[in-house]
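Chemist:
Residue numbers (my numbering): 5 to 581.
Given below as structure tokens:
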């Protein structure tokens, strides 16, 4: 029996990591399904082609790195994904951190970061941490997404205006200071092409939303630049010709002495990849009515990033916009994503000579639109109407992302959001007897509603003389447990029996048990018998496990308030004799 149960548990565990590709093939995959996936894969490849090059250039690398990443990581993500329709590749979210890593550690440092991030994602999936990603505070996500959008916009000013400057500083303020010093070198032809690209993209989104706006914008700008012999910088003039093949597989040299320095950036890449891929999978579930396997998705993302690193590529994750395009184009299986990678490979092999004529101003226009889409201005504005704690988290994460560093922003945002949550939970713990525990020794507050006050008076009327009863409502954890310390100070004369009602306490932690233990000891010193009533299952189990036990005449546990009152009467009678 035990062996069968163990085998069943193992089967359920392995099921969490089964790629959706196997599920689709087991259900039956017909030619009609392949035809729909073929059309969807081609459509997504057309959208991904300009994005992959633009994202790579914005990250401080050559356009071929973006194509290699979209091909290798995109294929692996779709093949191993826990979602049927996930499309993976380089995304805009990585631009600031990748640019910063390359500036500090060189491209070899980025490869190591990507490799470490992939291993972190695999470990997170195997440890079943995928379900925890949904608890990420929304103000943190909104703040750093908007901050990344500002960073992307900032990174494209040079190419959009054609500024004549050798290097662009990685930091936000020095970067804009450098732009200001070189603003007089702006090139009218470059600005004209950037405006043309923006006009084409925005116009097509308004009147022909199903057309591949990014690709058409690149074609229009490239044609205009060639037809009028415009003196603008192109992919070919900056990077030379694109390679006509994939890079060789190579295990990178790992400078272990720098691994600790790279860990924060690796964690940031892993965090972004995990959050964005799972958000993309959730969006896909809403559009298709499916259900993804979050832990399997993390493992797939990890394997894809390891694979990308071994071929010298960039970090990759699930791309929400490309995944939505896949769904709208009819894709319903991982085959569509795998075909998208195959089509990108074909485009690279066949069109590499022509890609050298694409103006960098056109790619800048593409990324300016991407930055605007990422900013989610309306959502940002709505979050500014949230409670003050959420606004602080949002603005802090946004400012730190844009002005300081994405790693610092994520860490600070999560920490502050955790403190805001703990404060709210501690505020939710109230006492029903008209006294609300406070963090200081001030007099009892009088902000209890009239109906609650009447209930408390009715409760007090039922109590024998010398007995007091208070009711805790809300979780009793480390953020609120200290409020029990001053509870006995509320009485002008200590009672003989103190009933603490805990039927409305759903959860307690070690700090809460410690606070109850201290309360029991203080009651003992004052000669008060403490009676705790109505423990729910979780608090009862934790209290029992932590050895807070009954002591006759000092501490008692009863199942409900009625029994607590009867026990108090018995204790009073015993003391009277």
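Where a beta carbon is used, it is the ideal one built from N, C-alpha and C, also for glycine. Every value quoted in this text rests on a predicted model; they were computed, and no experiment measured them.
Tell me, which residues are paired with residue 503 by DSSP?
Modeler: Residue mapping note: residue 503 aligns to position 499 of the chain shown, counting from 1. According to DSSP, residue 503 bridges with 473, 535.
Chemist: What is the DSSP secondary structure of residue 24, reduced to helix, strand or coil?
Modeler: Along the chain shown, read from residue 1 onward, the residue named residue 24 stands at position 20. Helix.
Chemist: Per the DSSP calculation, residue 555 is bridged to which residue(s)?
Modeler: Residue mapping note: residue 555 aligns to position 551 of the chain shown, counting from 1. Answer by DSSP bridge pairing, in chain order: 559.
Chemist: Is residue 121 near residue 309, with beta carbons less than 8 Å apart?
Modeler: Numbered from its first residue, the chain shown carries residue 121 at position 117. Numbered from its first residue, the chain shown carries residue 309 at position 305. A contact, by the Cβ cut-off of 8 Å.
Chemist: Whose C-alpha, out of 501, 48, 407, 67, is nearest the C-alpha of residue 356?
Modeler: In the chain shown, counting from the first residue as 1, residue 356 sits at position 352. Closest by alpha carbon: 67.
Chemist: With a threshold of 16 other CB atoms inside 10 Å of the CB of residue 557, please say whether the residue is buried or exposed.
Modeler: As a first step, residue 557 is located in the chain shown; it is residue number 553 there, counting from the start. Per the 10 Å Cβ criterion, exposed.
Chemist: For the alpha helix (DSSP H) containing residue 72, list its first residue and its last residue.
Modeler: Numbered from 1 along the chain shown, position 68 holds the residue referred to as residue 72. Start and end: 67-84.
Chemist: Tell me whether residue 168 is buried or exposed, calling it buried when 16 or more other Cβ atoms sit within 10 Å of its Cβ.
Modeler: Translated into the one-based positions of the chain shown, residue 168 becomes position 164. Exposed is the call here.
Chemist: Out of 570, 302, 151, 190, which one is the CA nearest neighbour of residue 403?
Modeler: For this step, residue 403 is matched to residue 399 along the chain shown. When only C-alpha atoms are compared, the closest one is 151.
Chemist: In three-state DSSP terms, what is residue 318?
Modeler: Looking up residue 318 in the chain shown gives position 314. Reduced to three states, the DSSP call for residue 318 is coil.
Chemist: In angstroms with no decimal places, state the Cα-to-Cα distance between residue 307 and residue 153.
Modeler: Here the question's residue 307 lines up with position 303 in the chain shown. Here the question's residue 153 lines up with position 149 in the chain shown. Computed Cα separation, rounded: 27 Å.
Chemist: Under a Cβ-count criterion, where at least 16 other Cβ atoms within 10 Å of its own Cβ denotes burial, should residue 553 be classed as buried or exposed?
Modeler: Numbered from its first residue, the chain shown carries residue 553 at position 549. Burial call: exposed.
Chemist: When the Cα of residue 112 is compared with those of 395, 266, 244, which residue comes out closest?
Modeler: Counted from its first residue, the chain shown places residue 112 at position 108. Here the closest residue by C-alpha is 266.
Chemist: Can at least three beta-carbon pairs, one atom from the region 121-131 and one from the region 371-379, be found at a separation below 8 Å?
Modeler: No: the two stretches stay apart, fewer than three of their Cβ pairs being nearer than 8 Å.
Chemist: Using beta-carbon positions only, say whether residue 104 and residue 174 come within less than 8 Å of one another.
Modeler: Counting from 1 along the chain shown, the entry for residue 104 is found at position 100. Counting from 1 along the chain shown, the entry for residue 174 is found at position 170. Result yes, Cβ atoms of residue 104 and residue 174 sit closer than 8 Å.
Chemist: Mark residue 79 as exposed unless 16 or more other C-beta atoms lie within 10 angstroms of its C-beta, in which case mark it buried.
Modeler: What you label residue 79 is simply residue 75 of the chain shown in a count that begins at 1. So residue 79 counts as buried.
Chemist: Report buried or exposed for residue 136, applying the criterion of at least 16 other Cβ atoms within 10 angstroms of its Cβ.
Modeler: Position 132 of the chain shown holds residue 136. When all chains shown are included, residue 136 counts as exposed.
Chemist: Where does residue 64 sit, in a helix, a strand or coil, going by DSSP?
Modeler: In the chain shown, counting from the first residue as 1, residue 64 sits at position 60. DSSP places residue 64 in coil when its eight states are reduced to three.
Chemist: Of all the options 94, 147, 49, which has the alpha carbon lying nearest to the alpha carbon of residue 409?
Modeler: Reading the chain shown from its first residue, position 405 is the one you call residue 409. Of the listed residues, the one whose Cα sits closest to residue 409 is 147.
Chemist: Whose C-beta lies closer than 7 Å to the C-beta of residue 34 among residues of the same chain, with five residues either side of it excluded?
Modeler: The sequence position of residue 34 within the chain shown is 30, counting from 1. Once the five neighbours on either side are set aside, residue 34 has no close Cβ partner at all.
Chemist: Work out the CA separation of residue 272 and residue 11 for me, nearest whole Å.
Modeler: In the chain shown, the residue the question calls residue 11 occupies position 7. In the chain shown, the residue the question calls residue 272 occupies position 268. Distance between the alpha carbons of residue 11 and residue 272: 36 Å.
Chemist: Quick one: Cα of residue 429 to Cα of residue 508, how far?
Modeler: The count along the chain shown starts at 1 and reaches residue 429 at position 425. The count along the chain shown starts at 1 and reaches residue 508 at position 504. Straight-line Cα distance between these residues: approximately 14 Å.
Chemist: By Cβ distance, which residues of its chain are closer than 6 Å to residue 329, with the 5 residues on each side in sequence left out?
Modeler: Translated into positions along the chain shown, residue 329 becomes position 325. Hits under 6 Å: 48, 51.
Chemist: Quick test of the definition: if touching needs 3 or more C-beta pairs under 8 Å, does the region 324-338 touch the region 36-43?
Modeler: Yes, they touch.
Chemist: Do you know how far the Cα of residue 236 is from the Cα of residue 243?
Modeler: Position 239 of the chain shown, counting from 1, holds the residue named residue 243. Position 232 of the chain shown, counting from 1, holds the residue named residue 236. Their backbone Cα atoms lie some 14 Å apart in a straight line.
Chemist: When burial is assigned at 16 or more other CB atoms within 10 Å of the CB, is residue 141 buried or exposed?
Modeler: Counting from one through the chain shown, the residue named residue 141 turns up at place 137. Buried is the call here.
Chemist: On the three-state DSSP scale, how would you describe residue 353?
Modeler: The count along the chain shown starts at 1 and reaches residue 353 at position 349. If DSSP states are grouped into helix, strand and coil, residue 353 belongs with the helices.
Chemist: Quick one: using the 10 Å Cβ neighbour count with 16 as the cut-off for buried, is residue 194 buried or exposed?
Modeler: The sequence position of residue 194 within the chain shown is 190, counting from 1. Result: buried.
Chemist: Is it right to say residue 280 is buried, meaning 16 or more other beta carbons lie within 10 angstroms of its own, or is it exposed?
Modeler: As a working mapping, residue 280 is identified with position 276 in the chain shown. With 16 or more Cβ atoms within 10 Å of its Cβ, residue 280 is classed as buried.
Chemist: Rounded to whole angstroms, what is the Cα-Cα separation between residue 75 and residue 107?
Modeler: Along the chain shown, read from residue 1 onward, the residue named residue 75 stands at position 71. Along the chain shown, read from residue 1 onward, the residue named residue 107 stands at position 103. Approximately 25 Å between the Cα atoms of the pair.
Chemist: Once the 5 residues before and after residue 416 are set aside, which same chain residues still bring their CB inside 8 Å of it?
Modeler: On the chain shown, residue 416 is found 412 positions in, with the first residue counted as 1. 400, 401, 404, listed in sequence order.
Chemist: Throw me the rounded Cβ distance for the residue 318 and residue 102 pair, which I believe falls under 8 Å.
Modeler: Along the chain shown, one-based indexing puts residue 318 at 314. Along the chain shown, one-based indexing puts residue 102 at 98. Right, the Cβ-Cβ distance comes to about 6 Å (below 8 Å), so this counts as a contact.
Chemist: Taking 7 Å as the cut-off, is the CB of residue 416 close to at least one heavy atom of the ligand FAD?
Modeler: This structure does not include the ligand FAD; it has no bound ligands of any sort.
Chemist: Using the rule of at least 16 other Cβ atoms within 10 Å of the residue's Cβ for burial, across every protein chain shown, is residue 301 buried or exposed?
Modeler: As a first step, residue 301 is located in the chain shown; it is residue number 297 there, counting from the start. Its Cβ being crowded by 16 or more others within 10 Å, residue 301 is buried.
Chemist: Rounded to the nearest angstrom, what separates residue 549 and residue 513 at their Cα positions?
Modeler: Locating residue 549 in the chain shown gives position 545, counting from the first residue. Locating residue 513 in the chain shown gives position 509, counting from the first residue. About 11 Å.
Chemist: What span of residues does the alpha helix (DSSP H) with residue 111 cover, start to end?
Modeler: On the chain shown, residue 111 is found 107 positions in, with the first residue counted as 1. 99-130 is the extent of the alpha helix (DSSP H) around residue 111.
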